[in-house]
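Enquirer:
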Amino acid sequence: MSEILDDIRHAKLLIIDDEEANLELLEELFAEEGFEQVISSFDALKVSSLIQGFRPDIILLDLRMPDVDGFEVLRLLDDLRTQGDWIPVVVLTADITKQARYEALSLGASDFLTKPFDRLEVVLRVWNLLETRRFYLRLKALGEVTDLSPHGPWQS
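So for the sequence shown, UniProt numbering puts the first residue at 1; every next one is plus one.
This is the structure:
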């Protein structure tokens with residue numbers, strides 16, 4: 001159990017939100033929970049370089065941002081997925097519409113939470129997805145992961 005706790009607390013979290021207050025809140029929250037590798041950016045234009053340089057294990061993503069919105073970031077991540085990597089994404093947004101929820105999930109978001117969010121719920125959902133990523137990486141190392149492209153039966 002200790003190995004799992006250590007693996008998860010050493011996971012790399014990338015937070016992308018255009019509101020500085022949201023970034024600070026999430027950084028503080030995950031620091032309090034013992035996460036050691038958390039970086040954040042309010043500039044979605046830097047997402048590609050951040051992903052390549054930092055190689056996050058999970059991304060927390062706002063949808064409504066200037067320049068590049070969260071939907072475009074999800075499309076970028078889909079390109080990474082087709083290259084053989086899976087990075088879970090938790091969408092944290094003030095957009096409460098079903099359309100936003102459906103679009104984000106269909107583009108590959110792993111989870112979708114609306115602001116204001118419950119702090120414990122965010123931590124638990126991130127923790128669960130990091131456990132899933134840990135299992136994914138083990139299967140990948142064993143050569144058991146073959147196809148990551150489809151998001152669901154509705155896509156060809």
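The C-beta atom is built at its ideal place from N, Cα and C for all residues, glycine as well.
I want to know whether the stretch 117–130 touches the stretch 46–55 - three or more CB-CB distances under 8 Å.
Expert: The answer is no - the stretch 46–55 does not touch the stretch 117–130, with fewer than three Cβ pairs under 8 Å.
Enquirer: Alpha carbon to alpha carbon, how far is Leu142 from Tyr136?
Expert: Roughly 10 Å separates the two Cα atoms.
Enquirer: Just curious, the alpha helix (DSSP H) that Thr132 is in, first and last residue?
Expert: Its alpha helix (DSSP H) spans residues Arg119 to Ala141.
Enquirer: By alpha-carbon positions, which one of Lys115, Asp43 and Gly84 ends up nearest to Ile15?
Expert: Among Lys115, Asp43 and Gly84, the Cα nearest to that of Ile15 is on Asp43.
Enquirer: Return the Cβ separation of Leu61 and Val89 in integer angstroms, given the expectation that the two are a contact with Cβ distance under 8 Å.
Expert: Indeed they touch by this definition, with Cβ atoms about 5 Å apart.
Enquirer: Please work out which residues of its chain come closer than 6 Å, Cβ to Cβ, to Gly70, disregarding the five sequence neighbours upstream and downstream, and give them in chain order.
Expert: Here the set comprises Leu61, Asp62 and Leu63.
Enquirer: From the DSSP output, read off the bridge partner residues of Gln37.
Expert: DSSP output for Gln37 lists Lys12 as bridge partner(s).
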